[in-house]
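Protein sequences appear in the order of chains C and Y.
Just so we're aligned: the first sequence equals residues 1 to 255 in the numbering used here.
Just so we're aligned: the second sequence equals residues 1001 to 1322 in the numbering used here.
Beta carbons: idealized from backbone N, C-alpha and C, even for Gly.
Because the structure is a prediction, the values reported are computed rather than measured.
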Amino acid sequence: MSVSIRDLGIVIGSQTLVSDVDLDIADGERVGLIGSSGSGKSMISKAMLGLTPDDAVLSGSVNLSGVEAVGADEVTLADLRGRYVGTILQDPFSSLNPVTTVGRQIELPLRLHYRLSKAERAGRVRRMLAKVGLDAGLADRHPNELSGGQAQRAAIATALITSPRLIVADEPTTALDSIAQRQIVDLLVRLVDDSGASMLFITHDFSVLARATTRAYVLEHGRVVESGATSDLLAKPSTPQAGRLVGAARKLALE
Amino acid sequence: MRFLIRRLVSFAVALLGLSVVIFAALRILPGDVAVVMAGLNSPPGRVAQLRAEMGLNRPLPQQYIDWMAGLLTGDYGKSMLTGQSVTSMVVERASITFPLIIFGLLIASAVGLGLGVAASLATGNGVRTFFRVFGIVGGSIPALWGGLLLVLLFARGVGLIGLFPSQGFPQEGWGSPGAAFASLVLPALTVGLIDGASLMRYTRSALADVMHNGCMIEAMACGYTRAQALIHVGLRVIVPQLVSVAGLMFANMVTGVMVIENLFALPGVGSGLIADLGDRDLIAVQSELFMLAAFFLLVGLFVDVLHRVLDPRLRRSSEGRM
């Protein structure tokens, strides 16, 4: 799925959170969106999914393969979500439903968008669990019985169960330790490439961005300040804002 | 399983403790049934004779042991005034009180959950204000005043629209189901609407807390609309909390309907207990209070177990400790 964002603006009350953002993702491309906390990254992903707060005022355009998300009615957006756009959130223990089993959570997009028998759904869940490296027995467990890495793998399985055409990963490694971070990024990249989907990977960590994406946008105070190939941004950032983020990533890597 | 055994043991201990408290409290009260039966101006000899006949002159520990031995064999004793079995008295009264409570709880749940969800989904300022005012005003109305208002509006004979009876219960009881049901409509509406308003406020508040949880955003990311996510995921997440609230509400209604039973002249458990207490019918009162206490504790036990079943997080943390 291709994404074309033009002049996107998001205002809540008197506060402008995002302004004049242009962003493109081609079919099958993995694109990063990096910025410090509060720079507006997650708000852009929410605008793409129609999940901005009720009092947010959006302007501009978010085009998802011909479907305009800004101003679209809720049913249209809900039909896109889960079916064509898979989402992975930051904290799996918060995002997975605490009172349902992992298997029920993973099959939710299938139940909402496709008419499949219980056995067909169970079969798909089993195959998806194997793909993300989880034991089939975990389907009957609850999220609180999983480790952080296992829970994020379950969240990835939920996002990918319908083979969506676009994955929005909103800081999916932030809540994990460094070993689990690398494993999750590698897994996500492999699964996204295998499925041919596009991906928007949101992070504030350049070292993670380098593994996950080929092209990236740097965001500061709700504006895109630099964009280009991720390797170029890492090697020689041309703006002070990108330079600061790269410097911080290098410092963390050395520590 | 260990949790259940631990909970059952604490249930038994609490029940035993309550039996002592009830027995002791009723002996501290001034006056006794012998005075009531003999009359205020009767000679002391007659009162003493009656006390001896009813076993009230025995040592207190002996009276307590005899009472407990009876309870253990299912014999709750006999009314000192009427000689009627306490069990049959309570069963007869409960056949009015419990349907009233269940009916009231159903109304409260329908009103509380329905309006709670509607209030959470409301976007207009006017609608939000309506729900807020309903919650505050409805939950603050004293039961007696609310009941009188419903009588003035819907009672046959005196109401603006005479739909339901407002006094008494049919002589033939549930043998005449239509009349019995009709006589419970206004009392059940009184408790149901008042408790429903409180439940609405609680539901709205719990849903507002859960609305910004990651699991709600995840549910919408999977394809639910906001309203669907609220109903299918939000409500399910808060069900364990609602069960606790409903359990408390259920237990509170048992004593709360005393006022309602008096207002609508229903011969239920509450009004019967008040009458027996006035008559100093010790055996009847202490057995009735014991049954009420056992019922409260049973509701608490049931809610605790149900809470574990509905919230897997509690099961895990409990297992982890053991």
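The Cβ of E120 (chain C) sits no closer than 9 Å to any Cβ of chain Y. The Cβ neighbour count for K41 (chain C), taken over all protein chains shown within 10 Å, is at least 16; the residue is labelled buried. For the C-beta of V75 (chain C), the chain Y residues within less than 8 Å are, from N- to C-terminus, T1225. With the criterion set as a beta carbon lying under 8 Å from some beta carbon of chain C, the members of the region 1206-1240 of chain Y are N1213, G1214, C1215, I1217, E1218, A1219, M1220, A1221, C1222, G1223, Y1224, T1225, R1226, Q1228, V1233, R1236, V1237, V1239 and P1240, in sequence order. Here the C-alpha atom of S227 (chain C) lies approximately 12 Å from the C-alpha atom of K236 (chain C). Taking C-alpha positions only, G1157 (chain Y) is separated from P1177 (chain Y) by approximately 21 Å. In the structure shown, V1191 (chain Y) falls within a helical segment according to DSSP collapsed to helix, strand and coil. In the DSSP assignment, I25 (chain C) falls within the unbroken beta strand (DSSP E) covering Q15 to I25. Exposure of V1091 (chain Y) is indicated by the presence of fewer than 16 other C-beta atoms within 10 angstroms of its C-beta. An exposed status is given to P1059 (chain Y), since fewer than 16 other beta-carbon atoms sit within 10 Å of its beta-carbon. For the region 1108-1140 of chain Y, residues whose beta-carbon sits nearer than 8 Å to a beta-carbon of chain C comprise T1123.
At least one CB atom of chain Y sits nearer than 9 Å to the CB of T158 (chain C). S231 (chain C) is classed as exposed because its beta carbon has fewer than 16 other beta carbons within 10 Å across all chains shown.
The C-beta distance from E220 (chain C) to G35 (chain C) rounds to 6 Å, short enough to fall under 8 Å. The alpha-carbon separation between A1014 (chain Y) and A1294 (chain Y) amounts to approximately 9 Å.
In this structure, DSSP gives V62 (chain C) an extended state, which the three-state scheme calls strand. Going by C-alpha positions, G1039 (chain Y) is about 9 Å away from V1047 (chain Y).
The count of Cβ pairs closer than 8 Å, one atom from the region 167-182 of chain C and one from the region 202-217 of chain C, reaches three, so the stretches are in contact.
Around the beta carbon of A1052 (chain Y), fewer than 16 other beta carbons sit within 10 angstroms, so the residue counts as exposed.
Interface residue (Cβ-Cβ distance to chain Y less than 9 Å): V3 (chain C) is not classified as such.
In this structure, C:N63 is the residue among C:L134, C:N63, C:V102 and C:V224 with its C-alpha nearest to the C-alpha of I25 (chain C).
For the pair A248 (chain C) and S238 (chain C), the Cα-to-Cα distance works out to about 16 Å. Within chain Y, no residue has its beta carbon less than 9 Å from that of D140 (chain C); the closest one is some 11 Å off. For A1179 (chain Y), the closest of Y:V1191, Y:L1189, Y:G1192 and Y:P1165 by C-alpha to C-alpha distance is Y:P1165.
Inclusion of V67 (chain C) and S198 (chain C) in the CB contact set at 9 Å is not warranted, their separation being larger than that value.
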